[in-house]
Each structure stands twice: as structure tokens, then as C-alpha cells.
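Asker:
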Amino acid sequence: MHHFQYRDNELYCEDVPVKKICEDVGTPLYLYSHATLTKHFRAFDGSFKDIRHLTCFSMKSNSNIAILRLFYNEGGGVDIVSGGELFRALKAGIDPSMVVYSGVGKTDEDMEYALKSGIMLFNVESRQELLRLNSIGERLNKSAPVSIRVNPDIDPMTHPYISTGLRENKFGIPIEDAPDIYRLAKGMRHIDIRGVSCHIGSQLTNVSPFVDALKRLLVLIEELRNNGITIEYLDIGGGLGITYSKESPPHPEEYAEAIKKEIKNDIILILEPGRVITGNAGILVTRVIYTKSIGQKNFIIVDGAMNDLMRPALYGSFHGIQPVIFSPDRKKLKADVVGPICESGDFLAKDREMYSFEPGEFMAVMSAGAYGFSMSSNYNSRPRPPEVLVKGDQYFIIRQRETYEDLIKGENIPDFLLK
Ligand SMILES: *Cc1c(COP(=O)(O)O)cnc(C)c1O
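Written out as C-alpha cells, the structure reads:
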């Protein structure tokens, strides 16, 4: 459930009419519901309340510092994948000792920044990365808290672009190689082994792949402990799916029950949910510019585009399309909702049975709170949209719309070209 609901045929975000915000700040815009974000975080985190755990919000799904701060106030940490994300987390006021750092390509600069900042855990994804981190630790005279990201070779049964836990994926270390890596790590003076981690994919709509992966990790932990390696943390990643259309993913409660059944109280669980917290807590609102029909095909041309919301172009993802002002006599049609960008891949919906729209009307693109703004770009020199957070009957601009000046920030023309 979320707080984007109709009242008398008009779409509201909590107690604010969406149309009012559109008129005040313009379109396209991202809109998030504070109550929904809070409820989703609590539903997830609360499901694990009877065991030792830390919920580290996966901030690549939505990295606005206001949103990060909201979850931190709720007791969460963050999962980061870059130095830039660490910067954002610190700017949001998050305690570095609640930051876990994943990613296959951490550079020396990234690792040095994170080590100096005093993060909680590096999820190391290769032998070379481990060696590099140890030498950075030596140079800084610090010990790096480490867990090895293990690839358990489990098929998450999701879209291939968001599947990460199969042998063929670039992520982690094959589980059969893990004991060797841990042995190597144990001998390193600037590596402090703390845990085992994995993340098998995103938008999973079944608990069984999570449980299968967890079982493999627990066998590994047992083996490591028998070899005198202490494992304090078990990081099982994120990946729980949401309903975009007709999917019926498990409720966080059901997910938590399945996980808790497997583990004993001799470990601290780390969770890295992203999409399940923010996905249905945000929408993208656009305005219809034109409509046109070419033969059998109907196009609704809107002011939001693939640079604002990349998921349909990237994965062919489904996002619900809803009118901001609903009228019961509205006709239905089959149409493509497309943006102004010069790419045929620029669509928000394709061959969709939906309500018809007239130019000037506002359209809500649902379930855009995760991997929406955070994947946006300036392609076609389009300033990125603002982000707005609604709380009750108030709204707050948590990121301003970019300006044309923002588009050329940092660019310059060398003197030799100026003649
Ligand atoms: C992307 C990612 C997550 C979050 O995935 P969701 O599907 O959004 O929950 C968690 N951990 C890691 C390492 C990731 O790369």
C-alpha cells in the first residue's frame, strides 16, 4: 500500500493534490510520500526486530540526501557502491560506522576515502581488490573491516540485467573459492575479517532463491569458523521485489520469517533493501504535450523522458500510467507514452491499454521511487527534474530542478578555439 490515492477523482499524495504541486513546481517532477517511505522502512526493518540486525538501505535505488536522512532517523545505515555515494551518506549525517560498501570496481581513491572515513564493512569482490585494500591499509596504518562477497551460483529468476548471483555474473567470488580467499585474508596485517556477504539480484518475487543462497552461505560460515576464522556479520544483500503490475512478491514479513528460520543468534544480520522500500513510495509526474495517431498506432507525447526514468528503455520495465485528474467518461485506447528524446527507445509505456489523455493534462508514472531519479541523466541536454517530498498536507523540494547553467557546469572552451 502507498499514499498515492484518488479523492473525488483527483490523485493525491498523502493530503496534497498532485496537480497543485505540478502547478507550483512544473513538470516533469519526482514526488515521494514520507508516510509511505516510513511505513515501508518500518515494515521491513520491524520484521527483523527480534534478532540482531542492521538494515542498510541500498542508496543506489534513491540517493537523495533527505531520503537517506529519513531512513537514518529510523535507525538504518546505508549500502553504498561508490565514493560519491559515501560522500552523499556523510552529507546526510549518517554515522560512517553504519555504512557498508559493495561493488566490483572500487578504485584506490574510493577505498582510501572509505577507510579514512571509518566505514563499517568493505564487501570485497575479488582477490586483487583484497590485496589492494590491504596495501592501502598499510599505507594509512589502518585495518580494513572486510567481508567477502560470495557468489552462491543461485538463479534469482529475474531480469538478466539485474541478476547478480549466477556463476557467469561479474559479482563476487565463486563460493568454492571463498575458503582460499579467507585464508589469504587471514594472513594480511591490514585486513580484519568480519563477515560473509552476498547479493543475488533484484526484483525477486520468490523467497526460495534467498533461502537457497543463505543455506550455502551458512555452510561456508561453519567451515570458516572451524578453521579459526571469526565471522561476526552475515550480509544477505537486497533484492526483494515489488508490485509494478501483476507481480505478487512476498511481504517483508514472509521474507524475514524464511530468513530467520535458518539463522542462529550467533551472527549479526545485515540487510540491504533498496527497491522494496522506495519503489512504490515515489512517482514521476509528467504533462502531456501532444497526442498523435499514425495508422493504428497512438502516441502520447509527454514532457518526461528516458533521461528522467530510464527503466522502460533499459529493461522494458512496466510502470503504471494514471491520470492525475480522473474522469469516469474517459475513453480507453492502446498507446505508447513517449518522451521528446531523439531515440525510439524513449518510451515510458508501450502498446499499453490505458485511458486517453489530452494535451496539457498531467500523467502519473507509478512505482518510480527506486532506480528513477538515481538513474537519470542529462541526455539531450535536458535539465533533470526536481524531487519533492510530501509529508501530510505539506511538501518540500528536496532537490531543485536543474537549470541550463547546471547543464554546462565544469565545461569550458580552450583559448585556442576562441578566435
Ligand atoms: C543494488 C543492490 C542492492 C539493492 O537491491 P534492491 O533490489 O534494490 O533491493 C543491495 N545490495 C547490493 C550489493 C546491490 O548492488
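Residue numbering for the sequence shown follows the working numbering, starting at 221 and increasing by one per position. The beta carbon of each residue, even a glycine, is placed where N, CA and C say it ideally should be. In this text, all values refer to a predicted model and were calculated from it rather than measured experimentally.
How far does the alpha helix (DSSP H) with C177 in it reach, from first residue to last?
Answerer: Outside the shown range of the chain, which is 221 to 639, sits residue 177, and nothing can be said about it.
Asker: Count the other CB atoms within 10 Å of the CB of G536; is the residue buried (16 or more) or exposed (fewer)?
Answerer: Taking the first residue of the sequence shown as position 1, residue 536 is located at position 316. The residue in question, G536, is exposed, as its Cβ has fewer than 16 Cβ neighbours within 10 Å.
Asker: Grouping DSSP H, G and I as helix and E and B as strand, with all else coil, what is E230?
Answerer: To locate residue 230, count along the sequence shown from 1; it is residue 10. It is a strand residue.
Asker: Have a look at L637 and L627 and give me their C-alpha separation to the nearest angstrom.
Answerer: Taking the sequence shown and counting its residues from 1, one reaches residue 637 at position 417. Taking the sequence shown and counting its residues from 1, one reaches residue 627 at position 407. In a straight line, the C-alpha of L637 is about 20 Å away from that of L627.
Asker: Below 7 Å between beta carbons: does that hold for S278 and E474?
Answerer: For this step, residue 278 is matched to residue 58 along the sequence shown. For this step, residue 474 is matched to residue 254 along the sequence shown. No, the Cβ-Cβ distance between S278 and E474 is not below 7 Å.
Asker: Using CA atoms only, rank isn't needed, just tell me which of N354, K311, I374 and V301 is closest to D330.
Answerer: As a first step, residue 330 is located in the sequence shown; it is residue number 110 there, counting from the start. Ranking the options by Cα distance to D330, first place goes to V301.
Asker: Report the rounded CA-to-CA distance for K239 versus V608, giving the unit in angstroms.
Answerer: As a working mapping, residue 239 is identified with position 19 in the sequence shown. As a working mapping, residue 608 is identified with position 388 in the sequence shown. Cα to Cα, K239 sits roughly 13 Å from V608.
Asker: From A588 to I521, what does the alpha carbon distance come to, in whole angstroms?
Answerer: Residue mapping note: residue 588 aligns to position 368 of the sequence shown, counting from 1. Residue mapping note: residue 521 aligns to position 301 of the sequence shown, counting from 1. Rounded to the nearest angstrom, the two C-alpha atoms are 19 Å apart.
Asker: Anyone know if the C-beta pair for C233 and V505 falls short of 7 Å?
Answerer: Your numbering for residue 233 matches position 13 in the sequence shown. Your numbering for residue 505 matches position 285 in the sequence shown. Taking 7 Å as the Cβ cut-off, C233 and V505 do not qualify as a contacting pair.
Asker: Is it the case that the region 361-369 contacts the region 407-418, given that we only count it when at least three CB pairs across the two stretches are under 8 Å?
Answerer: Output reads yes: the region 361-369 touches the region 407-418.
Asker: Is the beta carbon of P493 within less than 6 Å of some heavy atom of ligand 2?
Answerer: Summarising the ligand content, the structure contains ligand 1 and does not contain ligand 2.
Asker: Return the first residue and the last residue of the alpha helix (DSSP H) that V427 is part of.
Answerer: As a working mapping, residue 427 is identified with position 207 in the sequence shown. From DSSP, V427 is part of no alpha helix (DSSP H); its letter is neither H nor E.
Asker: My assumption, with CB atoms under 8 Å, is that C418 sits in contact with V496. Please give the rounded CB distance.
Answerer: Position 198 of the sequence shown, counted from the first residue, corresponds to residue 418. Position 276 of the sequence shown, counted from the first residue, corresponds to residue 496. Incorrect: roughly 17 Å between the Cβ atoms, too far for contact.
Asker: Do H419 and ligand 1 come close, with the Cβ less than 6 Å from some heavy atom?
Answerer: For the purposes of this step, residue 419 is taken as residue 199 along the sequence shown, with counting starting at 1. Checking the Cβ of H419 against ligand 1 gives yes.
Asker: Which of the three DSSP states is assigned to V496 in this structure?
Answerer: Taking the first residue of the sequence shown as 1, we reach residue 496 at position 276. V496: helix per DSSP, three-state reduction.
Asker: By the three-class DSSP mapping on this structure, what secondary structure does Q225 have?
Answerer: By 1-based counting over the sequence shown, the position of residue 225 is 5. In the structure shown, Q225 sits in a strand (DSSP, three-state: E or B).
Asker: So, for P394: in the same chain, excluding its five sequence neighbours on each side, which residues have a beta-carbon less than 6 Å away from its beta-carbon?
Answerer: As a position in the sequence shown, residue 394 is number 174, starting the count at 1. N371.
Asker: Could you give the C-beta distance for T256 and F264, rounded to a whole number, given that I count them as a contact under 8 Å?
Answerer: Here residue 256 refers to the residue found at position 36 when the sequence shown is read from its first residue. Here residue 264 refers to the residue found at position 44 when the sequence shown is read from its first residue. Contact doesn't hold; Cβ gap of about 13 Å is too wide.
Asker: Less than 7 Å separating the beta-carbons of N518 and Y599?
Answerer: Residue numbering aside, residue 518 sits at position 298 when the sequence shown is read from its first letter. Residue numbering aside, residue 599 sits at position 379 when the sequence shown is read from its first letter. Taking 7 Å as the Cβ cut-off, N518 and Y599 do not qualify as a contacting pair.
Asker: Report the three-state DSSP secondary structure of L614 (helix, strand or coil).
Answerer: The residue you call residue 614 lines up with position 394 of the sequence shown. Position check: residue 614 holds Gln in this sequence, whereas Leu was assumed. Strand.
Asker: What's the call for V558, buried or exposed, on a 16-neighbour Cβ count within 10 Å?
Answerer: Against the sequence shown, residue 558 aligns to sequence position 338. That one is buried.
Asker: Relative to the alpha-carbon of K480, which residue among S346, L251 and H273 has its alpha-carbon at the smallest distance?
Answerer: One-based indexing of the sequence shown puts residue 480 at position 260. The shortest Cα separation from K480 among S346, L251 and H273 belongs to H273.
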